[in-house]
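Shown next, in structure tokens, is the structure this report addresses.
Numbering (this note's numbering), first residue to last: 141 to 387.
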């Protein structure tokens with residue numbers, strides 16, 4: 141599909157924008173080789189991860205949940221940021237103002253060089269105690285089968301937002317503010333089905349922003365987008381940024 145006209149229009153919007161907000165989802169990480177939670181590639185040992193990554197699952201079987209997260213840590217250690225991640229770093233350097241919000245927990249954006257990333261769902265680089273204030277950055281190294289707090293001896297858990305848990309209030313506040321203030325809102329590699337993140341795009345649109353979707357396939361957001369580019373994030377994003385740089 142020829143996206144030339146749409147990319148030209150988007151580059152012009154980005155050039156003129158005072159503030160750009162980008163929201164990324166699992167699609168951009170999938171292009172680095174990380175399995176997504178949804179779909180056949182998201183299965184873990186034949187189980188739906190949405191049944192494993194819950195407070196209830198951790199209360200019932202913390203060792204089993206940690207087996208799942210150690211698998212995810214091994215996955216994350218094997219992959220690298222892709223061209224889409226690096227393109228967002230370049231984009232941030234070439235627009236007047238930029239805010240990056242992600243639903244991903246893999247920290248590939250930070251590894252690519254993005255700064256001040258709002259993590260709606262936390263990250264797997266950090267752990268915290270379920271009983272006391274202890275927390276620690278562990279990076280992508282695999283943890284013991286039963287990670288325990290060095291202070292109180294209770295279980296450590298990943299610093300991620302599980303299903304049935306509330307998102308970090310500060311992250312939601314910052315993301316919502318950026319969505320309201322931006323001139324261009326770009327939804328990248330996200331299904332548009334996970335709330336409240338999905339709401340940010342509509343909030344931006346209702347406040348006058350140019351709404352852009354970059355995703356492998358159409359989503360419920362597509363009919364509302366001013367610019368919709370369907371294909372690989374790792375191919376489209378570098379093309380968009382290169383076009384912006386040429387203006």
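C-beta: ideal position from N, C-alpha, C; glycine also.
Could you check whether residue j and residue i sit closer than 7 Å to each other, using their CB atoms as the reference points?
i           : j           : result
residue 193 : residue 340 : no
residue 221 : residue 251 : yes
residue 329 : residue 361 : no
residue 294 : residue 320 : no
residue 175 : residue 280 : no
residue 169 : residue 246 : yes
residue 154 : residue 235 : yes
residue 324 : residue 238 : no
residue 337 : residue 260 : yes
Once you ignore the five residues that flank residue i on each side, which residues in its own chain have a CB closer than 8 Å to its CB?
i           : result
residue 204 : 192 and 197
residue 358 : 368 and 370
Between the Cα of residue i and those of the options, spot the shortest distance and give me the residue it belongs to.
i           : options               : result
residue 229 : 381, 387 and 386      : 381
residue 253 : 232, 358, 379 and 378 : 232
residue 207 : 260, 281, 259 and 285 : 285
residue 354 : 211, 375 and 256      : 375
residue 199 : 270, 316 and 335      : 270
residue 311 : 147, 218, 171 and 262 : 262
residue 373 : 202, 327 and 189      : 327
residue 296 : 256, 202, 282 and 318 : 202
Leaving out five residues on either side along the sequence, give the residues of the same chain with a beta carbon under 7 Å from the beta carbon of residue i.
i           : result
residue 378 : 223 and 227
residue 114 : Any answer about residue 114 is impossible in this case: the structure gives the chain only from 141 up to 387.
residue 315 : 241, 258, 260 and 340
So is residue i in contact with chain D if we call contact Cβ pairs under 7 Å?
i           : result
residue 379 : Structure shown: chain D not included; a single protein chain is present.
Quick one: residues in its chain with C-beta nearer than 6 Å to the C-beta of residue i, no 5 flanking neighbours on either side, listed in chain order?
i           : result
residue 173 : 219
residue 272 : 291 and 292
(message) Counting beta carbon pairs with one atom in the region 366-375 and one in the region 143-154, are three or more of them shorter than 8 Å?
(response) yes
(message) If contact is defined by three or more beta carbon pairs under 8 Å, each pair taking one atom from either stretch, is the region 160-175 in contact with the region 234-253?
(response) yes
(request) Would you mind listing the alpha helix (DSSP H) stretches within the region 218-255 that are 4+ residues and don't spill past its ends, in chain order? (result) 223-234 and 248-252
(request) Scan the region 287-364 and note each continuous alpha helix (DSSP H) run of 4 residues or more that stays entirely inside, going in chain order. (result) 309-321 and 337-346
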